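This note's numbering numbers the first residue of the sequence shown as 1 and each following residue consecutively. Written below as structure tokens is the structure these notes are about.
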Amino acid sequence: MVLLFSVDRLSYIVEMITELMEFITIDNTYLVLLLKLVGIAYLTEFASALCKEAGFAAIAGQVELAGKLTMIFMSIPVAFSVLQVIKDFLGG
1 MVLLFSVDRL SYIVEMITEL MEFITIDNTY LVLLLKLVGI AYLTEFASAL CKEAGFAAIA
61 GQVELAGKLT MIFMSIPVAF SVLQVIKDFL GG
């Protein structure tokens with residue numbers, strides 16, 4: 001029941017972010033990536049809590065590690081883009 005209530009709120013948040021993406025002139029790729037990262041974080045936390053509740057604390061730790069590594073992997077291109085902008089700004 002709580003999950004269904006949360007999904008309803010999530011749709012409102014997605015609508016607001018969609019409006020924000022139309023308003024802001026930056027590349028939408030970054031906002032989409034941010035949404036994906038937040039989604040991965042919440043799903044990882046939810047799956048980890050389920051594993052802990054079932055008595056599988058070791059698997060919960062593995063789920064958390066996999067989620068963190070996935071988020072790092074997905075954010076590497078953004079980090080390179082930021083470093084490239086800094087390099088170009090500094091004239092390098």
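For glycine and all other residues, C-beta sits at the position ideal for the given N, C-alpha and C. Computed from a prediction, not measured in an experiment: that's the story for all the values here.
Cβ distance (whole Å) where residue i is taken to contact residue j below 8 Å
| i | j | result |
| --- | --- | --- |
| Gly67 | Ile40 | 6 Å |
| Ala60 | Ser75 | Rounded, the Cβ-Cβ distance is 23 Å, inconsistent with contact. |
| Val82 | Leu33 | Not really, about 12 Å apart at Cβ, beyond 8 Å. |
Check whether residue i and residue j have beta carbons under 7 Å apart
| i | j | result |
| --- | --- | --- |
| Cys51 | Val63 | yes |
| Leu31 | Met21 | yes |
Nonlocal neighbours in the same chain, by C-beta distance under 8 Å from residue i, ignoring five residues either side
| i | result |
| --- | --- |
| Asn28 | Met21 |
Cβ-based neighbour list, residue i, same chain, cut-off 7 Å, excluding 5 preceding and 5 following
| i | result |
| --- | --- |
| Thr44 | Val63, Glu64, Gly67 |
| Lys36 | Met74 |
Beta-carbon proximity list for residue i, same chain, < 6 Å, skipping 5 on both sides
| i | result |
| --- | --- |
| Ile24 | none |
Complete alpha helix (DSSP H) runs within the region 33-91 (minimum length 4 residues, chain order): 57-89
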